[in-house]
Structure formats: C-alpha cells, structure tokens
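One structure is given here, and the rest of the page talks about it.
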Amino acid sequence: MKEVRLNNGVMMPAIGFGVFQIAPEDTERCVSDALETGYRMIDTAAAYFNEEQVGNAIRHSGLRREDVFVTTKLWVQDHEYDDTLRAFDLSMKKLRLDYLDLYLIHKPYGNYYAAWRAMERLYKEGRIRAIGVTSFSSERMQDLFLHNEVKPAVNQLETHPFFQQREANAFLCREGIQHEAWAPFAEGQRDIFNNPTIKAIADRHGKTSGQVILRWLNQRGVVVIPKSVRKERMAENFTIFDFMLDDDEMKRMATLDTGRSPIYDDMDLPTVRAIGTMKIH
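No gaps in the numbering here: position 229 of the sequence shown is 229 in our numbering, and each next residue is one more.
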C-alpha cells in the first residue's frame, strides 16, 4: 500500500474507502468488502450516520487495529469546546475504538476555533493521531493555523477533473498539509465517466475512466477516498498503481478544469445556512 507522511510523521494510505451516501444498512457489508479488497483506510463522519456500521466491519475483519487507518468528522452543530469533546466520545463509542487516526472539522462554519482547540487537547492526550479539516479555503486554513498550536495535518477538499483546486494544492504543499480529495468522481456530475478526454487516456492504458481520475489525483500528490457499493468497482478503483500518466496526459487532464464546483457553491448563502444550521442529533 502506497502511503504519504503527514506533517507530524504519521503515515496515511494514499487511497482509502469513503462511505458518504452509503445507507447504514449497507455500510457494514461495503466496508467489509473494501477491507477484503485491500483498502486500509476508511473515511466516515458523524453526519453520515454510519459510524457504528464502520466500526462493526473493522472489528469483524480480523485485521489488527493498527493496520486500519480510520477517519471520522465533527459536525458543525458540535463546534463549541465541550460539545466537541462530547461528540468525539460519541463517535468513539459508535466506532468502538480506543483511538482515532484522523479527526476532521467537517465544515468551516460556526465556532470552529473552539472545536479546534478541543481537538488539539484530544490530540495531545493521544486519543487522536492526527487532526485536520474539511472544505476549508486557504484563507481560513491559514488563519486557523496562525492562531493555534497544532497545524492541521490534512485538508479534505472537493477535488476532481472539473474542479482541480490547483491554487489550494500549491498552498497546501507549501505549508506541508496533505491534500485529500472528497468527491474525486465529481459525484458523477457532467457525465464524468464518459468524458472524451478521460476516456481516450483510459483506452490508451487499458484502464477505466475512474482509474485514470484516481491515478491523476495520486500523481498530483492528492489522497483519494473513492466510494462504491459494488465489490468489483472497489477492486477497480484500488488498482491504480500499475500505470502512470505521462506529461502530455497530465496536461490534457488539466484542460478539464472549470474552476468551480458542479456539486454545490459554498459561497451560496442558502447553502451555507442549510449546512450551518443542520442538526444531526
């Protein structure tokens, strides 16, 4: 398994399995299938409502705890200091784990400064191996680490061929913060798997469009967490290290960037209100 080294020395798999939008009743089976396929990183969140099923799959896998890298996320509702501590304990109870590999602030809204300081405490206590954020702009990310003790290890951003996050990627690389992609397949928007540019590259390598997308992200130094409910697709997504895109192919992929999300606009006021006021408990 290819790994990346986080800024605190912790090793993180370069590819993991995401469980966003997998129904709780399907999650344990899907995570079990992913672990059998070879995935050693599972990405969940309190707001996905499937942490318990993720924990069940890991526990029943027969794998050693230290061999599975587990990520979960703190929801906006719990961004006060004491609420963060309680939310972490609740997630750990559902996962039935003694420690967490990576804990992320899920969205950059509410009192995330208080949340970060609570997470710093949990990190220093050894209950979390690394802490980070999700969907933070570079400006908010810089402000966060300039005024706190622990620098985020990861920023999980929407990143795919149509929204390549080149400026954010350059900033994260300069700051030693790992770029991780959520929605690497753009959640299927704009018929991504049939895009002519991607398909032409895939055909040249005897690969699928999905494999080309994941390999392209990997070559940019981006960690990926693709999701699938089908074991054969899980295996396909996992098989991305036996080929490489050349410079011309990387340039052709770069032409697909629109510079904006096809999924949602995080500057849209109704969207921000909906996310910021969503309750999960």
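Using N, Cα and C, we set each Cβ at its ideal position, and we do this for glycine too.
Buried versus exposed, by CB contacts within 10 Å (16 or more), residue i
i: residue 227; result: buried
i: residue 139; result: exposed
i: residue 51; result: buried
i: residue 14; result: buried
i: residue 173; result: exposed
i: residue 251; result: exposed
i: residue 356; result: Examination of residue 356 is not possible in this model, given that the chain is present from 1 through 281 alone.
i: residue 126; result: exposed
i: residue 281; result: exposed
i: residue 28; result: buried
i: residue 277; result: exposed
i: residue 271; result: exposed
i: residue 186; result: buried
i: residue 269; result: exposed
i: residue 221; result: exposed
i: residue 215; result: buried
i: residue 167; result: exposed
Pairwise C-alpha distance: residue j and residue i
i: residue 153; j: residue 117; result: 15 Å
i: residue 69; j: residue 17; result: 10 Å
i: residue 212; j: residue 245; result: 8 Å
i: residue 101; j: residue 275; result: 25 Å
i: residue 63; j: residue 33; result: 13 Å
i: residue 128; j: residue 218; result: 25 Å
i: residue 143; j: residue 150; result: 12 Å
i: residue 145; j: residue 178; result: 14 Å
i: residue 88; j: residue 248; result: 45 Å
i: residue 85; j: residue 71; result: 16 Å
i: residue 124; j: residue 189; result: 40 Å
i: residue 97; j: residue 9; result: 22 Å
i: residue 90; j: residue 104; result: 15 Å
i: residue 60; j: residue 255; result: 44 Å
i: residue 294; j: residue 136; result: What the structure shows of the chain is the stretch from 1 to 281, and residue 294 is not part of that stretch, so it cannot be assessed.
i: residue 2; j: residue 39; result: 11 Å
i: residue 108; j: residue 155; result: 11 Å
i: residue 119; j: residue 206; result: 44 Å
Segment limits, alpha helix (DSSP H) that includes residue i
i: residue 144; result: 138-146
i: residue 116; result: 112-124
i: residue 280; result: That residue, residue 280, is in no alpha helix (DSSP H); it is neither H nor E in DSSP.
i: residue 86; result: 81-95
i: residue 75; result: Looking at the DSSP string, residue 75 is not in any alpha helix (DSSP H), and its letter there is neither H nor E.
i: residue 23; result: No alpha helix (DSSP H) holds residue 23; DSSP gives it neither H nor E.
Residue span of the beta strand (DSSP E) that contains residue i, given as start and end
i: residue 205; result: Where residue 205 is concerned, there is no enclosing beta strand (DSSP E), although the alpha helix (DSSP H) it sits in stretches over 196-205.
i: residue 11; result: 11-13
i: residue 155; result: 154-158
i: residue 101; result: 100-105
i: residue 282; result: Nothing in the structure corresponds to residue 282, since the chain is present only between 1 and 281.
i: residue 5; result: 3-5
Test: residue i CB closer than 8 Å to a CB of chain B
i: residue 256; result: No chain B is present in this structure, which holds just one protein chain.
Evaluate the contact criterion for the stretch 257-276 versus the stretch 44-58: three or more CB pairs, one atom per stretch, below 8 Å. no
Pairs of beta-carbons, one from the stretch 183-195 and one from the stretch 154-162, closer than 8 Å: are there three or more?
yes
Exercise. With a cut-off of 8 Å, do at least 3 Cβ pairs link the stretch 69-85 to the stretch 97-116?
Worked result: yes
- Item | Three or more C-beta pairs below 8 Å linking the stretch 219-236 and the stretch 198-206 | no
Note to self: So, does the stretch 21-30 touch the stretch 53-66, judging by three or more C-beta pairs under 8 Å?
What the structure shows: yes
- Within the stretch 34-72, ranges of the beta strand (DSSP E) (whole runs, at least 3 residues): 41-43
(message) Extract the residue ranges of the alpha helix (DSSP H) inside the stretch 231-259, only unbroken runs of 4 or more that lie entirely within it.
(response) 231-238, 247-254
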